[in-house]
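Enquirer: The structure is given below, and queries will be raised subsequently.
Numbering (UniProt numbering), first residue to last: 1 to 118.
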């Protein structure tokens with residue numbers, strides 16, 4: 001199932017920031033072990049710099065920004081979470097070197113996630 005995401009792309013002469021459909025196969029090519037359905041993602045200061053191409057935040061292209069996120073685990077191979085768990089992500093290079101949470105879904109490392117407090 002494709003996910004809508006903000007996708008930042010850059011080459012030698014051009015920068016673009018667009019909403020695009022990202023296939024699940026493409027999403028799952030990122031390093032990770034936990035797929036989440038993103039419910040919330042903030043607009044962090046670093047995300048604003050990345051989206052406006054105003055600072056050297058993004059280190060790998062293309063990039064989905066979204067340093068912070070809250071979501072529900074869809075699938076995982078981690079022993080620390082199960083399907084349906086609510087989780088929080090903050091940092092860990094997301095939006096810089098790893099695709100972040102400005103997407104309907106994100107594929108992340110479980111070690112980066114913490115349970116959402118009740």
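Think of the CB as a built atom: it goes at the ideal place given N, C-alpha and C, for glycine as much as any other residue. Since the model is a prediction, treat every value here as computed from it, not as a measurement.
Would you mind listing the beta strand (DSSP E) stretches within the region 18-59 that are 3+ residues and don't spill past its ends, in chain order?
Expert: Listed in chain order, they are 34-40.
Enquirer: Do the CB positions of residue 41 and residue 1 come within less than 8 angstroms of each other?
Expert: If you number the chain shown from 1, residue 41 lands on position 41. If you number the chain shown from 1, residue 1 lands on position 1. The answer is no: Cβ separation not under 8 angstroms.
Enquirer: Determine the burial state of residue 116: buried for a count of at least 16 other Cβ atoms within 10 Å of its Cβ, exposed for fewer.
Expert: The sequence position of residue 116 within the chain shown is 116, counting from 1. By the 10 Å Cβ count, residue 116 comes out exposed.
Enquirer: Taking contact to mean 3 or more Cβ pairs, one atom from each stretch, closer than 8 angstroms, check whether the region 14-21 and the region 90-100 are in contact.
Expert: No: the two stretches stay apart, fewer than three of their Cβ pairs being nearer than 8 angstroms.
Enquirer: Assuming contact is defined by CB atoms lying nearer than 8 angstroms, are residue 109 and residue 33 in contact in what I supplied?
Expert: Residue mapping note: residue 109 aligns to position 109 of the chain shown, counting from 1. Residue mapping note: residue 33 aligns to position 33 of the chain shown, counting from 1. Contact: yes.
Enquirer: Taking only the alpha-carbon atoms, compute the straight-line gap between residue 71 and residue 61 and give it to the nearest angstrom.
Expert: For the purposes of this step, residue 71 is taken as residue 71 along the chain shown, with counting starting at 1. For the purposes of this step, residue 61 is taken as residue 61 along the chain shown, with counting starting at 1. Approximately 24 angstroms, taken between the alpha carbons.
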